[in-house]
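Single-structure report; data block below.
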Amino acid sequence: MKKITHLNSVYAFNIFNHFEVRHPLVNIVDWSKATLRPDCNVHLDLYCIALSILDNHEGKLSFIAPGNTIGIENTADQVFRKGHALVFHPDLIAGTALTEHLNVYHFFQNNSHQILLLTPNECKIVSDCFAKIEYELSQPIDKHSKKLLISNVELFLNYCERFYDRQFSVPDHINRGMVKNFKQLLNHYFKCDNLIESGIPSVAYFADKLNISPNYFGDLIKKEAGKSAQEYIKDKIIDEAKNKIYNRSKSINEIAYELGFKYPQHFSRFFKKNVGLSPNEYRLSALT
Numbered sequence: 079m080k081k082i083t084h085l086n087s088v089y090a091f092n093i094f095n096h097f098e099v100r101h102p103l104v105n106i107v108d109w110s111k112a113t114l115r116p117d118c119n120v121h122l123d124l125y126c127i128a129l130s131i132l133d134n135h136e137g138k139l140s141f142i143a144p145g146n147t148i149g150i151e152n153t154a155d156q157v158f159r160k161g162h163a164l165v166f167h168p169d170l171i172a173g174t175a176l177t178e179h180l181n182v183y184h185f186f187q188n189n190s191h192q193i194l195l196l197t198p199n200e201c202k203i204v205s206d207c208f209a210k211i212e213y214e215l216s217q218p219i220d221k222h223s224k225k226l227l228i229s230n231v232e233l234f235l236n237y238c239e240r241f242y243d244r245q246f247s248v249p250d251h252i253n254r255g256m257v258k259n260f261k262q263l264l265n266h267y268f269k270c271d272n273l274i275e276s277g278i279p280s281v282a283y284f285a286d287k288l289n290i291s292p293n294y295f296g297d298l299i300k301k302e303a304g305k306s307a308q309e310y311i312k313d314k315i316i317d318e319a320k321n322k323i324y325n326r327s328k329s330i331n332e333i334a335y336e337l338g339f340k341y342p343q344h345f346s347r348f349f350k351k352n353v354g355l356s357p358n359e360y361r362l363s364a365l366t
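So, in structure tokens, the structure goes:
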């Protein structure tokens, strides 16, 4: 098992990567200057937004919210050595309006690791935002420093919000194809015989299969289909449960396990909450 390294401050982040310590709460880092580290897992109590430039001059923007654990591997590290990152502690924006607004940004929701693909022009905008923050970090700290740093961080995040929304402007037939693929994957999942081992599917599972971030996937399904991916999964479970309940040769416990529930009582509560009847009550009503 890989060792877990906890980085709960910008100072600890800088020391771990051998970056220069310039400000206690924020930094812009150049991955090419990071030292190679042993393979490990890193638990971050920081916000980190990393830009890596791809060979076609497009970019990949990765968002990590506090509380996430990420894997560090020497081979994977090489991919990020062409880019830069903004890292800041929540205390940087404590007591400001930006603290509340962070909950609005999709790429920092659900405590998940999000990724956006950027055009070359968008990469330039990100680089310009980083340069403004970099400039402030190079100046002596004065009474204006915190306000300017926070303003530039917020400007950068607002651009990221635009980049995120831009993803929804792709042609409708591509989005509809994504919804179709999701439905096919969902149907296939419940046709498999290993649900007892694999369990109930998550939104993140299907997002990974479709190679997009969970938040973007959830928003896309909601926009195109009128209900969330989680609702689709829930409705599918209910439909499958009803079909199985009609078969009196199987007990409710057996049905629960076949649908991926670890505990039958969880299935019974889930079913009653969504159908209004317990599985046994539904079975009896279907026979009358």
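Going left to right, the sequence shown walks through residues 79 to 366 as my numbering numbers them.
Quick reminder that beta carbons are idealized off the backbone N, C-alpha and C, glycines included.
All values reported here derive from a predicted model rather than from experimental measurement.
Taking the beta carbon of residue i as the centre, do at least 16 other beta carbons fall within 10 Å, making it buried, or is it exposed?
{"i": "H344", "result": "exposed"}
{"i": "N92", "result": "buried"}
{"i": "A209", "result": "exposed"}
{"i": "C270", "result": "exposed"}
{"i": "A172", "result": "exposed"}
{"i": "H135", "result": "exposed"}
{"i": "L362", "result": "exposed"}
{"i": "V157", "result": "With a pLDDT of only 39 at V157, under 50, the local geometry of the prediction cannot be trusted, and the value read off the model is given with reservation. With fewer than 16 other Cβ atoms within 10 Å, it is exposed."}
{"i": "N199", "result": "exposed"}
{"i": "E98", "result": "exposed"}
{"i": "F186", "result": "buried"}
{"i": "G161", "result": "buried"}
{"i": "I299", "result": "buried"}
{"i": "H84", "result": "exposed"}
{"i": "N236", "result": "exposed"}
{"i": "I82", "result": "exposed"}
Which residue comes first and which comes last in the alpha helix (DSSP H) that contains residue i?
{"i": "Y89", "result": "V88 to N95"}
{"i": "H84", "result": "That residue, H84, is in no alpha helix (DSSP H); its beta strand (DSSP E) goes I82 to L85."}
{"i": "P204", "result": "The sequence shown places Val at residue 204, rather than the Pro named in the question. Unbroken alpha helix (DSSP H) run through V204: P198 to L215."}
{"i": "A307", "result": "A307 to I323"}
{"i": "Y242", "result": "S223 to R244"}
{"i": "A346", "result": "The question names Ala, but residue 346 in the sequence shown is Ser. Element bounds for S346: P342 to V353."}
Can you look up residue i in the DSSP assignment and give me helix, strand or coil?
{"i": "I290", "result": "coil"}
{"i": "A112", "result": "coil"}
{"i": "K138", "result": "strand"}
{"i": "H162", "result": "strand"}
{"i": "L337", "result": "coil"}
{"i": "T174", "result": "coil"}
{"i": "Y183", "result": "coil"}
{"i": "I278", "result": "coil"}
{"i": "L272", "result": "In the sequence on display, residue 272 carries Asn and not Leu. Here N272 sits in coil by DSSP."}
{"i": "L263", "result": "helix"}
{"i": "I219", "result": "coil"}
{"i": "L194", "result": "strand"}
{"i": "D155", "result": "For D155, the predicted model reports a pLDDT of 42, less than 50, meaning its position is unreliable and no value from the coordinates is stated."}
{"i": "E359", "result": "helix"}
{"i": "V104", "result": "strand"}
{"i": "G149", "result": "strand"}
{"i": "P249", "result": "The predicted position of P249 is uncertain, since its pLDDT is 48 and thus under 50; no value can be drawn from it."}
{"i": "V99", "result": "coil"}
{"i": "A143", "result": "coil"}
{"i": "K300", "result": "helix"}
Smallest Cα separation from residue i: which of the options?
{"i": "N358", "options": "R100, N325 and L337", "result": "N325"}
{"i": "H96", "options": "H84, N86 and S110", "result": "S110"}
{"i": "K351", "options": "E232, A90, K312 and F186", "result": "K312"}
{"i": "L195", "options": "S140, K305 and H222", "result": "S140"}
{"i": "I148", "options": "T83, Q217, N119 and Y89", "result": "N119"}
{"i": "G137", "options": "C201, V99 and K320", "result": "C201"}
{"i": "N146", "options": "I131, H162 and N86", "result": "N86"}
{"i": "A175", "options": "L132, E232, N199 and S216", "result": "E232"}
{"i": "I278", "options": "I82, G338 and I219", "result": "G338"}
{"i": "E309", "options": "F348, Y242, R244 and N236", "result": "F348"}
{"i": "A334", "options": "F268, E302 and D297", "result": "F268"}
{"i": "A307", "options": "S276, F284 and L273", "result": "F284"}
What are the boundary residues of the beta strand (DSSP E) that includes residue i?
{"i": "I131", "result": "Y125 to I131"}
{"i": "V120", "result": "C118 to L122"}
Shorter than 9 Å from the beta carbon of residue i to some beta carbon of chain C?
{"i": "I333", "result": "No chain C appears in this structure, which consists of one protein chain only."}
>> Using a Cβ distance threshold of 8 Å, determine whether the stretch 165-180 contacts the stretch 122-134, with at least three qualifying pairs required.
In response: yes
> Counting Cβ pairs, one atom from each stretch, are 3 or more of them under 8 Å apart for the stretch 288-307 and the stretch 259-268?
Replying inline: yes
> Counting Cβ pairs, one atom from each stretch, are 3 or more of them under 8 Å apart for the stretch 330-348 and the stretch 292-306?
Replying inline: no
>> Would the stretch 92-109 count as touching the stretch 161-171 if we require 3 or more Cβ pairs under 8 Å?
In response: yes
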